[in-house]
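Undergrad:
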Amino acid sequence: MKAFLISFTESGEEVMKRYAAALREAGCSCFTSVKGKAFGERSEKSSLEEWTAEAFKEGRLLVFIGASGIAVRAIAPQVKTKKEDPAVIVSDEKGRFVIPLLSGHLGGANRWARFLSERCGGEAVITTATDINGKFSVDTWAKERQLAISDMTAAREISAALLRGETVGVMAEKNVILKGPVPGGLKLLEYGENRELPGAGIFITWRRKNAAGDPFETTLRLIPEILYLGIGCRRGTERKKIEALVKRIFLEEGLEEEAVAAVASIDMKRDEKGIEEYAESLKVPFVTFSSRRLEALGEGFTPSELVRSVTGVDNVCERSAMAAAEDGRLIVRKQSSDGVTAAVAAVKTEIEF
1 MKAFLISFTE SGEEVMKRYA AALREAGCSC FTSVKGKAFG ERSEKSSLEE
51 WTAEAFKEGR LLVFIGASGI AVRAIAPQVK TKKEDPAVIV SDEKGRFVIP
101 LLSGHLGGAN RWARFLSERC GGEAVITTAT DINGKFSVDT WAKERQLAIS
151 DMTAAREISA ALLRGETVGV MAEKNVILKG PVPGGLKLLE YGENRELPGA
201 GIFITWRRKN AAGDPFETTL RLIPEILYLG IGCRRGTERK KIEALVKRIF
251 LEEGLEEEAV AAVASIDMKR DEKGIEEYAE SLKVPFVTFS SRRLEALGEG
301 FTPSELVRSV TGVDNVCERS AMAAAEDGRL IVRKQSSDGV TAAVAAVKTE
351 IEF
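Here the sequence shown stands for residues 1 to 353, numbered as in full-length UniProt numbering.
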């Protein structure tokens with residue numbers, strides 16, 4: 001993870017050096033600057049406005065050592081949405097107070113503020129309501145468990161309900177197993193239960209709203225990465241053709257693209273640019289398997305002698321999806337369009353509270 005740090009005084013520079021050392025030990029790549037003049041690992045931009053723009057584009061953590069007003073004015077033109085914005089922290093030049101300014105939960109600013117205060121001294125000043133009231137933070141929980149948040153408005157409504165002291169329901173699809181003590185304020189419900197439901201609740205599902213429905217009056221849908229997408233295609237197939245088929249399948253089958261954990265194919269497609277680009281657009285790995293590994297999965301797949309003559313195995317998309325999913329099940333069999341084939345497998349998953 002890239003972290004960008006900037007200070008404005010000599011005292012602030014010393015604090016920044018301590019922060020950068022701690023962050024590097026935690027695995028971060030740090031880019032530091034004093035009054036816009038870079039040293040060490042460097043940011044090439046000189047003005048504060050340019051520095052901030054670069055940091056927002058390239059980094060996931062920004063740390064300002066100086067007055068909070070400077071930080072607020074600098075980041076204001078760059079702020080977009082809670083899902084996109086990096087974590088932003090401000091500290092005074094003595095390092096006495098470490099304050100998350102932006103993306104406290106999703107971006108991890110609260111966590112990084114606590115980390116820096118524990119490692120370098122000072123006090124983390126946390127202002128998010130769920131934290132200071134000791135309530136369950138759904139966006140932090142979702143991020144830590146790699147659950148995509150479908151609707152930030154619904155997430156805010158869930159937090160508001162908890163802060164009002166209301167019970168919030170939690171329900172998951174049958175192949176999602178929730179484990180561990182249930183946090184205060186939450187009520188774990190069986191999938192499909194419809195008696196005396198709370199008004200607000202969390203629903204963990206890999207299906208679209210039109211396929212799975214909303215069990216609560218106010219439903220926050222969290223999407224786990226449990227789908228594996230198998231792809232086969234002619235050599236040189238463009239990404240847009242692959243994307244078109246997958247979008248059609250997911251729309252017709254009521255599946256969420258954010259539930260895709262990986263894209264898979266046969267080894268001979270490991271350098272297929274169209275598949276690589278599509279996997280990159282989903283921000284998931286592209287994995288490939290040998291024909292021997294795919295053949296070893298046995299029978300029960302949609303066969304094609306033409307595919308076998310080219311690849312050495314009777315089916316690429318279904319077998320690749322199942323190889324990636326390992327103990328999963330095939331939920332969408334081979335579909336094809338314009339030289340592209342696709343199939344989808346799903347796995348069971350366990351999620352700790």
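Think of the CB as a built atom: it goes at the ideal place given N, C-alpha and C, for glycine as much as any other residue.
Considering only C-alpha positions, which residue in the set Val263, Asp267, Thr302 is nearest to lysine 283?
TA: For the purposes of this step, residue 283 is identified with residue 283 of the sequence shown, where counting begins at 1. Residue Val263 is the option with its Cα nearest to lysine 283.
Undergrad: Looking only at DSSP bridge pairs, what is leucine 178 linked to?
TA: The residue labelled residue 178 in the question sits at position 178 within the sequence shown. In DSSP, leucine 178 forms a bridge with Ile351.
Undergrad: Which word fits leucine 116, buried or exposed, when buried means at least 16 other C-beta atoms lie within 10 angstroms of its C-beta?
TA: Numbered from 1 along the sequence shown, position 116 holds the residue referred to as residue 116. By the 10 Å Cβ count, leucine 116 comes out buried.
Undergrad: Run the CB neighbour count on serine 43, radius 10 Å, all protein chains shown included, and call it buried at 16 or more, exposed below.
TA: Walking along the sequence shown from the start, residue 43 turns up at place 43. Caution is warranted here: a pLDDT of 46 is assigned to serine 43, below 50, making its placement in the model unreliable, and the coordinate value is therefore given only provisionally. Buried is the call here.
Undergrad: At 3 residues or longer, what runs of the beta strand (DSSP E) sit wholly inside the UniProt domain "Cobalamin synthesis G N-terminal" (51-131)?
TA: 61-65, 87-91, 97-102
Undergrad: What residue range is occupied by the uninterrupted beta strand (DSSP E) comprising cysteine 317?
TA: Taking the first residue of the sequence shown as 1, we reach residue 317 at position 317. Unbroken run through cysteine 317 is the alpha helix (DSSP H), 317-325; no beta strand (DSSP E).
Undergrad: Quick one: Cα of valine 63 to Cα of aspartate 131, how far?
TA: Reading the sequence shown from its first residue, position 63 is the one you call residue 63. Reading the sequence shown from its first residue, position 131 is the one you call residue 131. Between valine 63 and aspartate 131, the C-alpha separation is close to 21 Å.
Undergrad: For the alpha helix (DSSP H) that contains valine 138, what are its first and last residues?
TA: Within the sequence shown, residue 138 is the residue found at index 138, counting from 1. Note, valine 138: alpha helix (DSSP H), 138-144.
Undergrad: Could you tell me which of Glu157, Ala113, Ser304, Gly59 sits nearest to phenylalanine 136, measuring between CA atoms?
TA: Numbered from 1 along the sequence shown, position 136 holds the residue referred to as residue 136. Of the candidates Glu157, Ala113, Ser304, Gly59, the one whose C-alpha sits nearest the C-alpha of phenylalanine 136 is Glu157.
Undergrad: Any C-beta of chain C sitting closer than 7 Å to the C-beta of glycine 300?
TA: The structure shown contains no chain C; it is built from a single protein chain.
Undergrad: Quick check: glycine 312 and serine 291, are their CB atoms within less than 7 Å of each other?
TA: Position 312 of the sequence shown holds residue 312. Position 291 of the sequence shown holds residue 291. Against a cut-off of 7 Å, the Cβ pair of serine 291 and glycine 312 comes out as a contact.
Undergrad: Give the straight-line distance between the Cα atoms of lysine 45 and tryptophan 51, rounded to the nearest whole angstrom.
TA: Counted from its first residue, the sequence shown places residue 45 at position 45. Counted from its first residue, the sequence shown places residue 51 at position 51. Low per-residue confidence applies at lysine 45: pLDDT is 47, beneath 50, and the placement is therefore not dependable, though the value from the model is reported in the following sentence. Using only the alpha carbons, I get a separation of about 5 Å.
Undergrad: At what residue ranges does the UniProt domain "CobE/GbiG C-terminal" (227-345) contain a whole run of the alpha helix (DSSP H), taking only runs of 4 or more?
TA: 239-253, 273-282, 291-295, 305-311, 317-325
Undergrad: Do you know offhand how far leucine 330's Cα is from alanine 346's?
TA: The count along the sequence shown starts at 1 and reaches residue 330 at position 330. The count along the sequence shown starts at 1 and reaches residue 346 at position 346. Cα to Cα, leucine 330 sits roughly 6 Å from alanine 346.
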